[in-house]
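Okay, so here's the structure we're looking at.
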Amino acid sequence: MPSQWWRDAVVYHLYPRSFMDSNGDGVGDLPGILSRLDYLQWLGVDVIWLCPIHPSPNVDNGYDVADYQGISPAFGTMADFDQLLTEVHRRGMRLILDLVLNHTSDAHPWFQDSRSSRNSPRRDWYIWRDGRDGGPPNNWESIFLGPAWTWDEGSGQYYLHLFTPEQPDLNWANPELRLAMYAMVRWWLDKGVDGFRIDAVTLLKKPDGLPDMPNPDRLAQVPAYAAYLNAEGVLDVVRDLAKATFHHYDLMTLGEANGVTANQAEAWVGEEDGPLNLIMHFEHWHLPSSEPGVRLDVVALKRIFTRWQKALAKSGWNALYLENTELPRLVSRWGDVAHFRHESATAFAACYLLQRGTPFIYQGQELGMGNTRFESLEAFDDVFSLQKIRQLREAGGKDADIFAELAENSRDNARTPMPWNAGLEGGFTTGAPWLAMNPEYPDINVASEQENPHSTLYFYRELIHLRRQEPALLRGSYRLILPTNRQ
Numbered sequence: 000m001p002s003q004w005w006r007d008a009v010v011y012h013l014y015p016r017s018f019m020d021s022n023g024d025g026v027g028d029l030p031g032i033l034s035r036l037d038y039l040q041w042l043g044v045d046v047i048w049l050c051p052i053h054p055s056p057n058v059d060n061g062y063d064v065a066d067y068q069g070i071s072p073a074f075g076t077m078a079d080f081d082q083l084l085t086e087v088h089r090r091g092m093r094l095i096l097d098l099v100l101n102h103t104s105d106a107h108p109w110f111q112d113s114r115s116s117r118n119s120p121r122r123d124w125y126i127w128r129d130g131r132d133g134g135p136p137n138n139w140e141s142i143f144l145g146p147a148w149t150w151d152e153g154s155g156q157y158y159l160h161l162f163t164p165e166q167p168d169l170n171w172a173n174p175e176l177r178l179a180m181y182a183m184v185r186w187w188l189d190k191g192v193d194g195f196r197i198d199a200v201t202l203l204k205k206p207d208g209l210p211d212m213p214n215p216d217r218l219a220q221v222p223a224y225a226a227y228l229n230a231e232g233v234l235d236v237v238r239d240l241a242k243a244t245f246h247h248y249d250l251m252t253l254g255e256a257n258g259v260t261a262n263q264a265e266a267w268v269g270e271e272d273g274p275l276n277l278i279m280h281f282e283h284w285h286l287p288s289s290e291p292g293v294r295l296d297v298v299a300l301k302r303i304f305t306r307w308q309k310a311l312a313k314s315g316w317n318a319l320y321l322e323n324t325e326l327p328r329l330v331s332r333w334g335d336v337a338h339f340r341h342e343s344a345t346a347f348a349a350c351y352l353l354q355r356g357t358p359f360i361y362q363g364q365e366l367g368m369g370n371t372r373f374e375s376l377e378a379f380d381d382v383f384s385l386q387k388i389r390q391l392r393e394a395g396g397k398d399a400d401i402f403a404e405l406a407e408n409s410r411d412n413a414r415t416p417m418p419w420n421a422g423l424e425g426g427f428t429t430g431a432p433w434l435a436m437n438p439e440y441p442d443i444n445v446a447s448e449q450e451n452p453h454s455t456l457y458f459y460r461e462l463i464h465l466r467r468q469e470p471a472l473l474r475g476s477y478r479l480i481l482p483t484n485r486q
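According to numbering that gives the first Met the number 0, the sequence shown holds residues 0 to 486 in order.
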């Protein structure tokens, strides 16, 4: 029977492109990660989660997969991966991978075959439809802004992409596609990988009939795409996936579960028949950032955390996180990075690391890294930011206003290279980094914080140690004190 080792674990979420470069080309790689395993072991983490490392055109920095069973040359070779996996295990740690199941790259051979002809055996592996009234099949908007359908001149139909046009959605209603995906998942597990974070898992089942969205608005605060998140029947798809793959291994499974509410969580991760071990909900994503004149609603944050703690108190387990590759840096978003960086970072660390669940630390979070500083709109790299610039310009927005918004909220804030020391390019690379270093790196870096026992880094390390020393922090019940206090 599979164990539940993941309940006691602390996970380090690692963005390979920005973690450590070993060959001076400015891009982080697998040998670079290998060279920093001792640091992760010193920090005390149990599990390392890698964002996608597969061959990709990098329209969405690896989340557009062109080969599920390969390694991107930018990151190294399969031999490099095998060595990394061996060394992670030798140190008593585990390794999980990002599993992108909703879509592939349009450069994937499956999609190239699918679009080659309406009679292709893989045509139905993706979602193709005729147009309607001279336009797309429905009014769906993509999560990355703009229409969710692209016309394919060669085969005379539209294909669905809930992200960029270069990321066509797979059709999980097709039995042959499912079998191919199951085989791929088992291939990695047989290789010794310890589990997966499943990207966009609530999108694997589309609403029956692909109905129009209500009142679509590309610039709405509550996005129109919420209509196709967590559609009825998606749990059946995930259960079939789990029965064919996950349930046969001792592993950790984490679902990116946009659209799942606390009262639905047990169905996803309950001990009786939940198909996954953990899910990452999005509720606290939508609380305001620390923009001028806007304070974090601490009472609302307490209410959200408490709702999830209670929902999974008897069956299931929480995934605890405050940062990832999608969000601005925590101390800039909710704290006071200018005056109380350390106090902000350590207060939030204690708040979430000592709850009941499995904590996830995103690289650099343990240093108290803040948002970076951009020089112009041309400095942004993330595909969502580039789409946002185009869309806001089309809507008449001024560049100065667009820049101010993206400087606060762009995903690029979380993706700047890891600062290892105060030297050239923070010790990340001997070349030019693919994304400019956060200019605060001479002061906020691993080496300087390792030398200071009162640093944010040491606070994280001591909290991780404390979790292991106090059983109540792992198995104890949760009760909120002072629910209406705004401090």
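Idealized CB from N, CA, C, for every residue including glycine. Fair warning: this is a prediction, and the values are worked out from it, not measured in the lab.
The beta carbons of SER17 and SER34 sit about 15 angstroms from each other, so the pair does not count as a contact at 8 angstroms. Rounded to whole angstroms, the gap between the alpha carbons of GLY273 and THR252 is 11 angstroms. The residues GLN68, in chain order, have a CB closer than 7 angstroms to that of TRP186 in the same chain once the five nearest residues on each side in sequence are set aside. It is roughly 21 angstroms from the alpha-carbon of GLN308 to the alpha-carbon of THR345.
In the DSSP assignment, ASP398 falls within the alpha helix (DSSP H) that extends over 398-408.
Three or more Cβ pairs drawn from the stretch 43-58 and the stretch 1-13 lie within less than 8 angstroms of each other, which places the two stretches in contact.
Assigned with DSSP and collapsed to three states, GLY426 falls in helix. For MET279, DSSP records a beta bridge to GLU255.
DSSP lists no bridge partner for ARG90.
Residue state for LEU188 is assigned as helix, using DSSP reduced to three classes. Taking a 10 Å sphere around the C-beta of GLN468, we find fewer than 16 other C-beta atoms and assign the residue as exposed.
Here the stretch 337-344 does not lie against the stretch 386-397, with fewer than 3 beta-carbon pairs under 8 angstroms apart.
Short of 6 angstroms from the beta carbon of GLY426, and not among the five residues preceding or following it, lie these beta carbons of its own chain, in chain order: TRP419 and ASN420.
If you draw a 10 Å sphere on the C-beta of GLN3, you find fewer than 16 other C-beta atoms in it, and that means exposed. Where PHE383 is concerned, the enclosing alpha helix (DSSP H) starts and stops at 382-393. For ASP37, the uninterrupted alpha helix (DSSP H) segment begins and ends at 36-42.
Using a Cβ distance threshold of 9 angstroms, LEU83 and LEU13 do not count as a contacting pair. Residues of the same chain with a CB within less than 8 angstroms of the CB of SER476, apart from the 5 flanking positions on each side, are ALA312 and ARG355 in chain order.
When DSSP reads this structure, ILE303 sits in no beta bridge, so it has no partner. If you draw a straight line from the Cα of GLY145 to the Cα of HIS464, it is about 46 angstroms long.
The count of Cβ pairs closer than 8 angstroms, one atom from the stretch 73-87 and one from the stretch 132-141, stays below three, leaving the stretches out of contact. For GLN468, there is no enclosing beta strand (DSSP E); the enclosing alpha helix (DSSP H) covers residues 455-468.
Nearest neighbour of ASN370 by Cα position, chosen from LEU479, ARG177 and GLU325, turns out to be GLU325.
Boundaries around VAL445 are those of the alpha helix (DSSP H), 445-449, since no beta strand (DSSP E) includes it.
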